[in-house]
Structures are given as structure tokens and as C-alpha cells.
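>
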Amino acid sequence: MEFEIDLLRQENARLVGKNYELEVEIVKLRQIIEENVRHDVKVILTILEQSFLVVGEQLQNNKEVIVEVLPEVTVSNIDLSNTIIDQQNNVDTKTLEKMEIDAFLVERKEVEKEDSA
Numbered sequence: 002m003e004f005e006i007d008l009l010r011q012e013n014a015r016l017v018g019k020n021y022e023l024e025v026e027i028v029k030l031r032q033i034i035e036e037n038v039r040h041d042v043k044v045i046l047t048i049l050e051q052s053f054l055v056v057g058e059q060l061q062n063n064k065e066v067i068v069e070v071l072p073e074v075t076v077s078n079i080d081l082s083n084t085i086i087d088q089q090n091n092v093d094t095k096t097l098e099k100m101e102i103d104a105f106l107v108e109r110k111e112v113e114k115e116d117s118a
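Numbering (the numbering used here), first residue to last: 2 to 118.
1. Would you check if the region 101-110 and the region 40-51 touch, i.e. whether three or more CB-CB distances between them fall below 8 Å?
2. Using the rule of at least 16 other Cβ atoms within 10 Å of the residue's Cβ for burial, across every protein chain shown, is V42 buried or exposed?
3. Tell me whether V38 is buried or exposed, calling it buried when 16 or more other Cβ atoms sit within 10 Å of its Cβ.
4. Under three-state DSSP, which class holds T47?
5. Which residues mark the beginning and the end of the alpha helix (DSSP H) in which M100 is found?
6. Give every residue of the same chain whose Cβ lies closer than 8 Å to the Cβ of Y15, excluding the five residues on either side of it in the sequence, and list them in chain order.
7. Of the residues T96, D116 and E5, which one's Cα is nearest the Cα of E50?
8. Using a Cβ-Cβ cutoff of less than 8 Å, which residues in the same chain neighbour V112 once the five nearest sequence positions on both sides are dropped?
Pasting the structure below:
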């Protein structure tokens, strides 16, 4: 009986350690995802800003530039429910102003993290 309890304690300790390792990995992956999203938003903003050409008093959308530069994006089966991606799942429907606000808020959050560290 004592032997079985010791084995269960060892297994429990191993599982707790593994759980901690997985939690650390999840945090790292979420940080990478957030960095990638931040970068993608900056790229999209740059492309959108460059794609609007002022012609006289009228704005014309240079759609060919957008089509050539933006590749087709696919989403994997990873659960990203607690990441910044959830907030931007309708990126195609957002206005340029809203995208700029989102980018500003992300940068502000980074500064606050750096200041608190």
C-alpha cells in the first residue's frame, strides 16, 4: 500500500511538472502569436495607406497593389480564444481608423508592460 502511494506521489509530481512546462509553452506561443498579429496589422496598415492615391479631390483605391501584396491567409485549428486575434477576427470589415486605433492600443499595452516590469 505504501509503495503504491509513493508511486502515485511520483506520478503526481511528474504531471505537475509537465503541466507547468505546458503552461510556459502556451505563454510563449501566445506572445509569438501576438507579435505576429501586431506585425501583420502594421503591414496591412502600411499597404492600405499606400494603396489610397490622391487623384485631384477624389481618393482612388489601388486594388491591384493590395491583391499583389496580400497572400491568401489560412487559419489553423489552434484555440486562440484568449489572444489578441479574437479581437481582430473581422479584420476585413474594419475601417482604417479602427485598425489604427487597435494598433495604437496594442503599442500602448506594450509600453505599460515595459513600464511595470
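All residues carry an ideal CB built from backbone N, CA and C; glycine is no exception. In this text the structure is predicted, and so the values were computed from the model without any measurement.
To lay it out plainly:
1. yes
2. buried
3. buried
4. helix
5. L97 to S117
6. A small correction: the amino acid at residue 15 is Arg; Tyr does not occupy that position in the sequence shown. The answer is none, since no qualifying residue turns up.
7. T96
8. none
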